[in-house]
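Protein chains in written order, with the working numbering: chain L, 59 to 339; chain B, 269 to 558. The beta carbon of each residue, even a glycine, is placed where N, CA and C say it ideally should be. The structure appears below as structure tokens.
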């Protein structure tokens with residue numbers, strides 16, 4: 059594929075993409091990598107500091123929480139929920155938002171008016187409060203978290219895809235395709251969509267970062283998953299209460315969260331930069 | 269009397285967006301088989317509207333209020349959608365204006381050049397590939413195999429315009445609408461492209477409607493010219509006669525506005541406001557308020 063090469067020349071894509079790939083492998087193989095069972099409690103070993111500090115318990119590299127659970131194993135396992143939410147929620151909102159955006163941008167008229175008004179109304183809600191509200195209504199759990207993100211964030215894709223579709227529709231190649239006698243829908247799927255794709259891919263990546271954050275927020279306020287499934291947001295909430303006894307319970311999931319979101323953002327920006335000139339020089 | 273290839277009769281249209289402002293006023297013109305006809309005018313004169321009407325792609329903001337466009341005697345404006353789209357791309361094709369944007373950046377040249385062959389003639393992949401090679405050879409592109417495998421951004425503007433010309437003539441159409449095909453090119457490439465269009469047109473016996481604002485281009489390529497202003501035909505006739513002995517004052521003013529390479533001190537005179545006043549009076553447009 060000719061489009062791969064310029065991607066590899068973009069350092070942000072390589073570094074952020076590499077990190078995320080590693081994270082994906084960690085998530086998949088967590089049971090084999092994690093040194094301990096993330097749920098196993100040992101009250102005799104509560105609040106053990108990381109190995110760098112005096113008094114650390116051998117084998118617990120990042121220390122333990124107040125219930126004696128291994129922080130490293132819990133951080134590793136936390137990537138599973140984070141990435142699941144990132145991929146599923148971003149893909150679903152991308153599909154819904156893209157379909158709406160293509161319809162609005164290409165067919166215009168009533169379709170555009172209805173969809174655009176809908177987006178305007180949607181955007182008027184504060185997203186975090188809306189997601190908390192949605193999960194409260196839908197009930198906690200992974201499905202609800204994903205549903206809440208999709209319900210809120212499809213508008214992001216809709217707006218970008220609509221604008222890009224309209225810009226593409228004005229170009230001569232679309233007129234040329236019309237004069238050959240291709241149908242409207244053929245032109246949309248075969249001519250325009252491939253040109254909207256680079257922007258779309260970049261936004262998907264950014265959206266994954268946002269999904270990770272939203273999931274962490276919902277876990278933090280206790281609305282995501284039951285507390286025995288390790289999530290970064292849940293760990294941060296738990297560590298916050300005992301920040302003075304053990305900073306490590308709080309800091310390590312925060313670093314994981316921070317690095318992951320940063321990687322998704324950098325990947326998105328890098329992809330946008332790397333894909334654009336190829337497609338439209 | 270033999271039938272003209274295209275006969276536009278009393279075509280009038282309004283813009284639905286500008287409060288019903290006329291876009292075309294009672295335009296009539298004919299085009300014979302194998303003829304090159306220039307459509308000349310400033311922007312907004314209606315030349316592109318005529319071109320779009322011929323291609324069946326009038327925007328929804330333009331409404332035809334009267335007249336006919338007959339193509340081989342059949343009324344294009346009253347034709348059922350299906351019949352029209354069968355005609356388009358087979359008998360009537362387009363050379364677009366801007367080679368930068370007229371090729372889809374995400375598709376290889378081969379796919380774009382063979383679109384029409386495969387859709388309209390039902391050609392298989394191998395046959396279409398062969399025909400595409402032939403066509404590229406016809407428009408003097410070297411390394412045709414390499415060009416077919418390329419994406420548009422890997423090719424120069426002149427190269428892309430050649431591909432668009434090859435694509436327009438691919439199905440031996442009866443009419444090619446060239447929408448300012450040289451405006452976006454630099455002067456040396458422009459000349460080659462004009463020559464190429466002329467050669468292709470002669471070889472295929474195709475009639476060409478050549479939309480342009482450049483009388484210099486008209487002089488090089490067109491047999492006949494139609495000059496438009498504000499949607500109205502101002503003058504119409506054989507190119508040589510019209511450029512050497514213009515009948516209308518606007519035509520002479522336009523000629524004077526062009527560069528004169530034979531007399532460097534003459535030319536480039538702006539069209540006097542008096543000429544526009546007379547034009548507006550003739551057409552019956554209210555005085556422009558500045």
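Residue i vs residue j beta-carbon contact at 9 Å
i, j, result
"residue 382 of chain B", "residue 328 of chain B", "no"
"residue 511 of chain B", "residue 485 of chain B", "no"
"residue 479 of chain B", "residue 315 of chain B", "yes"
"residue 151 of chain L", "residue 265 of chain L", "yes"
"residue 342 of chain L", "residue 129 of chain L", "Outside the displayed range of chain L (59 to 339) lies residue 342 of chain L, so it cannot be described from this structure."
"residue 281 of chain L", "residue 149 of chain L", "no"
"residue 216 of chain L", "residue 287 of chain L", "no"
"residue 85 of chain L", "residue 140 of chain L", "yes"
"residue 281 of chain B", "residue 231 of chain L", "no"
"residue 297 of chain L", "residue 274 of chain L", "no"
"residue 233 of chain L", "residue 364 of chain B", "yes"
Cβ-based burial, residue i [other Cβ within 10 Å; buried from 16]
i, result
"residue 175 of chain L", "exposed"
"residue 212 of chain L", "buried"
"residue 83 of chain L", "exposed"
"residue 90 of chain L", "exposed"
"residue 101 of chain L", "exposed"
"residue 201 of chain L", "exposed"
"residue 557 of chain B", "Residue confidence for residue 557 of chain B is low, a pLDDT of 45 falling below 50, so the modelled location carries little weight; the figure read from the coordinates is stated next. Residue 557 of chain B comes out exposed."
"residue 475 of chain B", "buried"
"residue 59 of chain L", "Residue confidence for residue 59 of chain L is low, a pLDDT of 47 falling below 50, so the modelled location carries little weight; the figure read from the coordinates is stated next. So residue 59 of chain L ends up on the exposed side."
"residue 291 of chain B", "buried"
"residue 181 of chain L", "exposed"
"residue 339 of chain L", "Residue confidence is low: residue 339 of chain L scores 42 on pLDDT, short of 50, so the model does not pin down where it sits. No coordinate-derived value is stated."
"residue 410 of chain B", "exposed"
"residue 326 of chain L", "buried"
"residue 431 of chain B", "buried"
"residue 241 of chain L", "exposed"
"residue 329 of chain L", "buried"
"residue 136 of chain L", "buried"
"residue 461 of chain B", "buried"
"residue 79 of chain L", "exposed"
"residue 95 of chain L", "exposed"
"residue 56 of chain L", "Beyond the ends of chain L as shown, which are 59 and 339, falls residue 56 of chain L; an answer cannot be given."
Cβ separation of residue i and residue j, assumed to be a contact under 8 Å, to the nearest whole Å
i, j, result
"residue 304 of chain B", "residue 469 of chain B", "6 Å"
"residue 425 of chain B", "residue 446 of chain B", "Actually they are not in contact, since the Cβ atoms of residue 425 of chain B and residue 446 of chain B sit about 16 Å apart, beyond 8 Å."
"residue 362 of chain B", "residue 318 of chain L", "That pair is no contact at about 50 Å."
"residue 187 of chain L", "residue 206 of chain L", "About 11 Å; that fails the 8 Å criterion."
"residue 126 of chain L", "residue 103 of chain L", "4 Å"
"residue 300 of chain B", "residue 273 of chain B", "6 Å"
"residue 434 of chain B", "residue 407 of chain B", "5 Å"
"residue 311 of chain L", "residue 300 of chain L", "The pair is not a contact, with the Cβ atoms about 13 Å apart (cut-off 8 Å)."
Residue i: first and last residue of the uninterrupted beta strand (DSSP E) it sits in
i, result
"residue 419 of chain B", "Careful: residue 419 of chain B lies outside any beta strand (DSSP E) and carries neither H nor E."
"residue 203 of chain L", "Premise fails: residue 203 of chain L lies in the alpha helix (DSSP H), 200 to 227, not in any beta strand (DSSP E)."
"residue 277 of chain B", "274 to 283"
"residue 447 of chain B", "443 to 447"
"residue 336 of chain B", "330 to 339"
"residue 119 of chain L", "Per DSSP, residue 119 of chain L belongs to no beta strand (DSSP E) and is neither H nor E."
First through last residue of the alpha helix (DSSP H) which encompasses residue i
i, result
"residue 254 of chain L", "251 to 278"
"residue 136 of chain L", "129 to 160"
"residue 405 of chain B", "393 to 406"
"residue 64 of chain L", "62 to 66"
"residue 519 of chain B", "517 to 525"
"residue 185 of chain L", "185 to 196"
"residue 539 of chain B", "That residue, residue 539 of chain B, is in no alpha helix (DSSP H); it is neither H nor E in DSSP."
Counting beta carbon pairs with one atom in the segment 242 to 257 of chain L and one in the segment 96 to 110 of chain L, are three or more of them shorter than 8 Å?
no
Counting pairs of beta carbons, one from the segment 150 to 170 of chain L and one from the segment 220 to 230 of chain L, are three or more of them closer than 8 Å?
yes
The segment 302 to 319 of chain L / the segment 261 to 281 of chain L touching (three or more Cβ pairs under 8 Å):
yes
The segment 488 to 507 of chain B contacting the segment 518 to 527 of chain B, beta-carbon criterion three pairs below 8 Å:
yes
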